[in-house]
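Positions 398 to 562 (the numbering used here) are the ones given, in order, by the sequence shown. No residue lacks a Cβ here, since even glycine has one placed at the ideal position from N, Cα and C. Structure record follows, encoded as structure tokens.
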Amino acid sequence: MNQASATQTRQDAEIDFRELDDIIEDQYGNDKENLIMILQAIQRRYNYLPQPALTYLAAKIKVPVSKIYGVATFYATFSLEPRGRNIVSICLGTACHVRGGDRVRERITEALNIKDGETTPDGRYTLETVRCIGCCSLGPVVKINEDMYGRIGSDEVEKVLNKYE
Ligand code: FES
Numbered sequence: 398m399n400q401a402s403a404t405q406t407r408q409d410a411e412i413d414f415r416e417l418d419d420i421i422e423d424q425y426g427n428d429k430e431n432l433i434m435i436l437q438a439i440q441r442r443y444n445y446l447p448q449p450a451l452t453y454l455a456a457k458i459k460v461p462v463s464k465i466y467g468v469a470t471f472y473a474t475f476s477l478e479p480r481g482r483n484i485v486s487i488c489l490g491t492a493c494h495v496r497g498g499d500r501v502r503e504r505i506t507e508a509l510n511i512k513d514g515e516t517t518p519d520g521r522y523t524l525e526t527v528r529c530i531g532c533c534s535l536g537p538v539v540k541i542n543e544d545m546y547g548r549i550g551s552d553e554v555e556k557v558l559n560k561y562e
């Protein structure tokens, strides 16, 4: 893959507020008790939690924006920064580390030309390092969106990445 280094400029996704209403009102009844599920649904839609969506959500369910940010920053699963269409998670927990996870990560960073936590300029991939995703016997493990790749060799990395547009 041939990409320039990741962009540092933050730009929030364009928000379709009718779509947000579908989530906040129709699916979750404007109910602040459903805050975490609403945040999960918004993140599924945008791959992160866009600022304008959180401000809108706060007004809809009548919860201070600061509380919503408190929840969003408490759980590691939520991201407040724009992320790529495909989330590439490389596990560097102990089992994956001893089975060559570092070599796999090195190969991924070379292939995508980004570091941990960065997104490719075309918005195609975001790279994240995680600590154990619960299938240690398959290490080293790479997860791309919801797909798991166990016992992955560093020479297989590019082929796997290329499956994702
Ligand atoms: S250490 Fe990688 S899945 Fe557990």
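Collapsing the DSSP output to three states places residue 477 in coil. Exclusion of residue 485 from the 6 Å shell around the ligand FES follows from its C-beta lying no nearer than that to any non-hydrogen atom of the ligand. Sequence-distant Cβ neighbours of residue 533 in its own chain, meaning closer than 6 Å and more than five residues away, are 492. Within the same chain, Cβ atoms closer than 8 Å to the Cβ of residue 482 are found at 444, 520, 521, 522, 561 and 562, the five residues on either side in sequence being excluded. When secondary structure is reduced to three states using DSSP, residue 523 falls in the strand class. Under the three-state reduction of DSSP, residue 546 is assigned to strand. By the neighbour-count criterion, in which a residue is buried when 16 or more other Cβ atoms sit within 10 angstroms of its Cβ, residue 550 is exposed.
Residue 485 and residue 525 have their C-alpha atoms roughly 6 Å apart.
In the DSSP assignment, residue 487 falls within the beta strand (DSSP E) that extends over 483-488. When the five nearest sequence neighbours on each side are left out, the beta carbons in the same chain lying within less than 8 Å of the beta carbon of residue 508 are those of 398, 554, 555 and 558, in order along the chain. Within the model, the alpha-carbon separation for residue 487 versus residue 420 is close to 30 Å. Cβ-Cβ distances below 8 Å link residue 470 to 477 in the same chain, with the five nearest sequence neighbours on each side left out; the list follows chain order. Short note on residue 536: C-beta closer than 6 Å to some heavy atom of the ligand FES. The alpha-carbon separation between residue 409 and residue 442 amounts to approximately 13 Å. Within 6 Å of the C-beta of residue 550 there is not a single heavy atom belonging to the ligand FES. For residue 427, same chain residues with a beta-carbon under 8 Å away, outside a window of 5 residues either side, are 421, 457 and 458 in chain order.
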